[in-house]
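Here is the structure we will look at, set down as structure tokens.
Protein chains: 2
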Amino acid sequence: MPSQNPFQLFESEKPRLVKKGEVLIKSGQKASEAFYVVKGCLRSYMVDAKGKEHIYQFAPEDWIISDLEFFKNKGVAFLTIDAVENSEVKSIPTSRIFNITAEDPALVQEAFNKFQNRVYALQQRVIQLLAYSAEERYQEFIKTYPNLSNRLPLKMIASYLGLTPESLSRVRKELVKGR
Amino acid sequence: MPSQNPFQLFESEKPRLVKKGEVLIKSGQKASEAFYVVKGCLRSYMVDAKGKEHIYQFAPEDWIISDLEFFKNKGVAFLTIDAVENSEVKSIPTSRIFNITAEDPALVQEAFNKFQNRVYALQQRVIQLLAYSAEERYQEFIKTYPNLSNRLPLKMIASYLGLTPESLSRVRKELVKGR
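Residue numbers (the working numbering), protein chains in the order written: chain A, 1 to 179; chain B, 1001 to 1179.
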């Protein structure tokens, strides 16, 4: 699905193709790009000391994805960002998002709205991880990403939700039965 | 400790005293205030279906605390905000934070920086809840809130960290032994 509402800053950028599995930003390396997804799906994740992946965010069509850690960490990325599907993405240096105050007010307003939505979404995500049952988490996932549940491997969705694949599988079966 | 770096928007507001336990915003009621803590400590939390409290955020001196849910929910608060200690707070309508684009560029820049920090902090918080052990979570808590660990009941810190009070108590004992 082509994007209906691209962030103005990305408008003049040319999209490029990335292959499924291609790494765009690697944890521990210098990086400061923000990506806008035209088509396909990216994700950001970290790997813990035991080698387990924890998915922070998915970015399907019309989402922006980045890693803000580098602001605090001398430009070094904390998260890895890669493509979950063959995708089409635009990129800008993340710093541009934070240096737009001299530009037009409409752009500032747009960036504010994006941040407001992002903080709100993250508030929801923290609350879900703290307080929600496996079933509630999965239902929130479907609300946040209405088109992703059939596109992603169960293992990835479980990782994003902080659940074991077994728990998520059980929840899905119960939801199907309940319908 | 008096604030060194108050957000400009709150500067002209008069602080008011709130008593420990006083509720400033109640979940389910109309609310749209943002609070700046001059002295003391506020918190935001939600109560789940079983009556268990889950603490989303603490706001000691120089922190801003609000609930962005109302933006999406017809002005109705999702979180409850109350005072953990006798406190001194300033408040403004949260909408003012999102309507400052017509004002001076320094203020816009300041708001951007606050949002950037907030998104960064929330990214950290999500990662911790997904991937960090009890000990790592507690150590991050101490980094985020260097002055709070001795001021708050263990039960509240555990709720914020998504741990049982028993786990947190064990972690604290181990840290003391390890020194």
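The beta carbon of each residue, even a glycine, is placed where N, CA and C say it ideally should be.
If you're wondering where the values come from, they're calculated on a predicted model, not measured in any experiment.
Please state if the CB of residue j and the CB of residue i are separated by a distance shorter than 8 Å.
i	j	result
Tyr45 (chain A)	Tyr56 (chain A)	yes
Val108 (chain A)	Glu135 (chain A)	no
Asp1082 (chain B)	Gly1021 (chain B)	yes
Leu1161 (chain B)	Leu1168 (chain B)	yes
Arg118 (chain A)	Gln128 (chain A)	no
Ser1159 (chain B)	Ser1095 (chain B)	no
Ala1034 (chain B)	Ile1064 (chain B)	yes
Pro1015 (chain B)	Glu1061 (chain B)	no
Lys1090 (chain B)	Glu1013 (chain B)	yes
Phe58 (chain A)	Leu122 (chain A)	no
Val84 (chain A)	Arg1125 (chain B)	no
Lys30 (chain A)	Gly75 (chain A)	yes
Check for me: the beta strand (DSSP E) holding residue i runs from which residue to which?
i	result
Val76 (chain A)	From DSSP, Val76 (chain A) is part of no beta strand (DSSP E); its letter is neither H nor E.
Val18 (chain A)	16-18
Val84 (chain A)	Unbroken run through Val84 (chain A): none, as it is neither H nor E.
Ile1025 (chain B)	1023-1025
Would you please verify whether the beta carbon of residue i is less than 8 Å from any beta carbon of chain B?
i	result
Glu69 (chain A)	yes
Ile142 (chain A)	no
Ala131 (chain A)	yes
Lys127 (chain A)	Looking at the sequence shown, residue 127 (chain A) is not Lys but Ile. Interface residue, yes.
Val18 (chain A)	no
Val108 (chain A)	yes
Gln8 (chain A)	no
Phe58 (chain A)	no
Lys72 (chain A)	yes
Phe98 (chain A)	yes
Gln139 (chain A)	no
Phe35 (chain A)	no
Helix, strand or coil, according to DSSP, for residue i in the structure here?
i	result
Ser1091 (chain B)	strand
Ser149 (chain A)	coil
Val38 (chain A)	strand
Lys30 (chain A)	strand
Tyr1045 (chain B)	strand
Ile1100 (chain B)	coil
Pro1002 (chain B)	Here Pro1002 (chain B) scores only 40 on pLDDT, less than 50, and its place in the model should not be relied on; the value that follows carries that caveat. Three-state result, Pro1002 (chain B): coil.
So residue i is in the alpha helix (DSSP H); what residue range does that whole segment cover?
i	result
Phe58 (chain A)	From DSSP, Phe58 (chain A) is part of no alpha helix (DSSP H) but of the beta strand (DSSP E) over 53-59.
Val1176 (chain B)	1165-1178
Glu1136 (chain B)	1134-1144
Gln116 (chain A)	105-131
Leu1161 (chain B)	1154-1161
Are the C-beta atoms of residue i and some chain A residue less than 8 Å apart?
i	result
Gln1116 (chain B)	yes
Asp1048 (chain B)	yes
Gln1029 (chain B)	no
Val1119 (chain B)	yes
Gly1051 (chain B)	no
Gly1178 (chain B)	no
Leu1122 (chain B)	yes
Arg1162 (chain B)	Looking at the sequence itself, residue 1162 (chain B) is Gly, so the reference to Arg does not match. Yes, its Cβ sits closer than 8 Å to a Cβ of chain A.
Gln1004 (chain B)	Because Gln1004 (chain B) carries a pLDDT of 45, less than 50, the predicted location of this residue cannot be relied on, and no value is offered for it.
Alpha carbons only, please: which of the options is nearest the one belonging to residue i?
i	options	result
Asn1086 (chain B)	B:Ala1121, B:Val1076, B:Arg1043	B:Arg1043
Tyr1120 (chain B)	A:Gly28, A:Glu69, A:Val47, A:Pro93	A:Glu69
Lys26 (chain A)	A:Ala77, A:Leu122, A:Ala158	A:Ala77
Asn99 (chain A)	B:Ala1111, B:Phe1098, B:Ile1100, B:Lys1014	B:Ala1111
Tyr1132 (chain B)	A:Lys114, A:Asp48, A:Phe115, A:Leu130	A:Asp48
Ile92 (chain A)	A:Gly178, A:Phe10, A:Lys177	A:Phe10
Phe1115 (chain B)	A:Val126, A:Cys41, A:Ile97, A:Gly75	A:Ile97
Val1038 (chain B)	B:Val1018, B:Lys1050, B:Gly1178	B:Val1018
His1054 (chain B)	B:Gly1028, B:Thr1164, B:Gly1178	B:Thr1164
Glu1140 (chain B)	B:Arg1151, B:Ile1157, B:Pro1153	B:Ile1157
Gly40 (chain A)	A:Glu166, A:Arg151, A:Lys173, A:Gly178	A:Arg151
Leu1079 (chain B)	B:Asn1113, B:Leu1024, B:Lys1050	B:Leu1024
Shorter than 7 Å, the distance from the beta carbon of residue i to the closest heavy atom of the ligand FMN, or not?
i	result
Val89 (chain A)	Of ligands this structure carries none, so the ligand FMN is not represented either.
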